[in-house]
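Single-structure report; data block below.
Protein chains: 2
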Amino acid sequence: MNKRLGNQTVKILNPVSIISAANVAGKKEGEGPLAMYFDKILSDAAWGEETWEKTESKMQNFAVTNAISRANLKNSDINYILAGDLLNQCISSSFALRDLNIPFFGVYGACSTMAETISLGSMLIDGGFAENVAAVTSSHFCTAERQYRQPLEYGGQRTPNAQWTVTGSGAVILSGSGDGPYITHITTGEIVDMGIKDANNMGAAMAPAAAETLKAHFVETGRQPSYYDLILTGDLGILGKSIMIDLMGDYGYDLRDNYDDCGCLIFDAESQDTHAGGSGCGCSAVTLTGYVMSLISQGKLKNVLFMATGALLSPTSTLQGESIPSIAHAVAISSSREDSGL
Amino acid sequence: MNKRLGNQTVKILNPVSIISAANVAGKKEGEGPLAMYFDKILSDAAWGEETWEKTESKMQNFAVTNAISRANLKNSDINYILAGDLLNQCISSSFALRDLNIPFFGVYGACSTMAETISLGSMLIDGGFAENVAAVTSSHFCTAERQYRQPLEYGGQRTPNAQWTVTGSGAVILSGSGDGPYITHITTGEIVDMGIKDANNMGAAMAPAAAETLKAHFVETGRQPSYYDLILTGDLGILGKSIMIDLMGDYGYDLRDNYDDCGCLIFDAESQDTHAGGSGCGCSAVTLTGYVMSLISQGKLKNVLFMATGALLSPTSTLQGESIPSIAHAVAISSSREDSGL
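First to last, the sequence lines map onto chains A and B.
This note's numbering numbers the first residue of the first sequence as 1 and each following residue consecutively.
This note's numbering numbers the first residue of the second sequence as 343 and each following residue consecutively.
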């Protein structure tokens, strides 16, 4: 089993490339710092649909069908589609993808979904079970807000630590044929629960899970933080990012130079009033498929560690007084096979 | 890619065995026809917990920890755990497994979860990424009823087509070392939505998805129904089973001799007043880990096609007037490598 480097990390031995990516983002996201990296920016929250849930499904369908056509493939060329989202019973995904006629594996990783789908998809390709795999996820501010918190019409106050669920969907096509960027290593998270119970402080709940996964990645690959041009967590937000830097410092890893968080990049917290930053499955999905993929193709980034983070709670578990189990999955991406150590 | 037999079916080339299984079932299930196959039968719905959600997590933890110890393994020997359930945000799984320290992939396949976790787990082992994988799921009548339908205290009437969510959890350990029963083929479902909108008639919604997956399995493997000693769907129930037989008859396959459904086997519909039969992730999980595994070990079954079925709806999608997207995943199990065609 020479693919296994340790308890949590495997090496992808056959080349697996991200051959295309596509995304769509909401109006507010389109007014933020990453606007230039979105394929489509919605002009309102509904996009012509009767309900926000249908809008979210439409976004996910848009992202994945565009990623497929950009790869010059047809639906029938995609062997598996891996998808999930935040809505109860993952309905954004099942309704978005029901007409595609592609074998479907639904996943639930909360906001870690983009990394989870890429992890499993890469292993299915490397394992010889697929040539092309689609990975997609989404979130929508309005569907998440009313499901997890309050009806939007209620106009509830937000706490200073609260994050803003990103309206957006991102998809990638992974392939065994392609010339990069390559998925080179996968470090799969264990569930970490440090006892934090404040559902308005998800960054603090998720940062320890991110730190455990990142530490495992460094130990098992023998890499140091400096190996990467960018280490990118999913949606720890401003507070969680600072906790993450502290935790990794305690483990002896200095993240101050090349670490960032999608939730910090996607909004200008001050001018956009997003408090602790962005969150949601779509936050890391649109940042990866837009910003990261674009900088890699421009040669500005070569080695990236993409680590999406998820809080595995529900409103029911919170009402029952439970703490917040969290998880983080890391995917190492390299623009060349040489740098990937293959 | 000689592992791929067709659009939906792959062959497992390296041996993957189910080296252990364990389950736990509720009181009503313990009064039914499969009682003798359960490792533990609860005496009430709470099992000493304050909420039914915590009970369901406890059941899932019980099933997986017992499966691990029966395999003479430690948690640290399990490379991945794949799990999911019906509750919003899959909290039965995340809370059940948070203390195990095993890399975790959460899945959402509704009641198809047991087949989905075994499918992905088998591919991770065959692909060289894991030696041992745990697959587990659960459902609980009381958590499902209040989430999907009405508060139990409301005492709502049940329609004749309604099914009864099974209280139960089942887990298996898959391994690259073992002497069977072997996972030999995996046929992954596409989402099928025939426009049925009655959330009290899930069997009718899911039967077409099961028929499409089963037809693909026969076409792509070249097998006929008679190859199997038992073809077993997950929770189509009494009505769905009869639709399934009709649909497959239309496709030219006679299922009358060796086909059954876990939802029909688990309860005595007449004496137990369960209307159209059992349902829920736990329905197929306890039937597989109890009844099927037991008959295989006794030599009474050699080749089994296990096909769990899922309805990918939510109460929100139903309220919004949507139909019910459905899916079915099939896993071929053989007691000997010879019969598996390897």
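Backbone N, C-alpha and C fix where the C-beta goes; we use that ideal spot for every residue, glycine too.
In terms of residues, what are the limits of the beta strand (DSSP E) holding residue 447/B? 446 to 448
Going by other Cβ atoms of all chains shown within 10 Å of its Cβ, with 16 needed for buried, is residue 203/A buried or exposed? buried
Local conformation of residue 651/B per DSSP, three classes: strand
Would you mind reading off the limits of the beta strand (DSSP E) that contains residue 517/B? 510 to 517
Do you know whose CA, among 217/A, 34/A and 132/A, lies nearest residue 346/B's CA? 132/A
Rounded to the nearest angstrom, what separates residue 706/B and residue 229/A at their Cα positions? With chain B covering only 343 through 684, there is no way to say anything about residue 706/B.
With a Cβ-Cβ cutoff of 8 angstroms, do residue 129/A and residue 659/B count as a contact? no
Need the endpoints of the beta strand (DSSP E) that residue 426/B sits in, please. 422 to 427
The alpha helix (DSSP H) enclosing residue 217/A, as first and last residue numbers: 202 to 221
With 8 angstroms set as the bound, which would you pick, yes or no: does the beta-carbon of residue 247/A sit closer than that to a beta-carbon of chain B? no
Boundaries (first-last residue) of the beta strand (DSSP E) holding residue 23/A: 17 to 25
Classify residue 583/B as buried or exposed, calling it buried when 16 or more other Cβ atoms lie within 10 Å of its own Cβ. buried
Taking 6 angstroms as the limit between beta carbons, can you name the residues of its chain near residue 685/B, skipping five residues before and five after? The shown model of chain B, from 343 to 684, leaves out residue 685/B, and the question about it has no answer.
Members of the segment 469 to 499 of chain B near chain A, C-beta cut-off 7 angstroms: 469, 470, 471 and 473
When you compare each of 171/A, 20/A, 165/A and 193/A to residue 286/A by their alpha carbons, which one comes out closest? 171/A
Sequence-distant residues of its chain with Cβ nearer than 6 angstroms to residue 666/B (five each side left out): 538, 547, 653 and 655
8 angstroms Cβ cutoff, residue 27/A in contact with chain B: no
Under a three-way DSSP split, which group does residue 460/B fall into? helix
Under a Cβ-count criterion, where at least 16 other Cβ atoms within 10 Å of its own Cβ denotes burial, should residue 357/B be classed as buried or exposed? buried
Locate the beta strand (DSSP E) running through residue 135/A, then write down its first and last residues. 132 to 139
Residues of the segment 54 to 84 of chain A with a CB closer than 8 angstroms to any CB of chain B: list them in chain order, please. 54, 76, 79, 80 and 84
So which residues of chain B does residue 210/A contact, with C-beta pairs closer than 7 angstroms? Simply none; closest approach about 14 angstroms.
Cβ-Cβ distance between residue 509/B and residue 487/B below 8 angstroms: no
Which chain A residues sit within Cβ distance under 7 angstroms of residue 345/B? 128 and 129
For residue 569/B versus residue 645/B, is the C-beta spacing smaller than 8 angstroms? yes
Spell out whether any CB of chain A is found under 8 angstroms from the CB atom of residue 465/B. yes
For the alpha helix (DSSP H) containing residue 370/B, list its first residue and its last residue. Careful: residue 370/B lies outside any alpha helix (DSSP H) and carries neither H nor E.
Through-space distance from residue 243/A to residue 299/A, alpha-carbon basis: 30 angstroms
Which stretch, first to last residue, makes up the beta strand (DSSP E) that contains residue 669/B? 668 to 676
When DSSP builds the beta bridges, which residues end up paired with residue 386/B? Per DSSP, none; premise fails for residue 386/B.
Thinking residue 520/B and residue 359/B are a contact (beta carbons under 8 angstroms), I'd like their distance in whole angstroms, please. 3 angstroms
Excluding the 5 residues flanking residue 215/A on each side, which residues of the same chain have their C-beta closer than 8 angstroms to its C-beta? 248, 251 and 253
Quick check on residue 521/B: does DSSP put it in helix, strand or coil? coil
Classify residue 454/B as buried or exposed, calling it buried when 16 or more other Cβ atoms lie within 10 Å of its own Cβ. buried
Against residue 432/B, what residues of chain A qualify as contacts under a CB-to-CB distance less than 7 angstroms, listed in chain order? 108
Would DSSP call residue 7/A helix, strand or coil? coil
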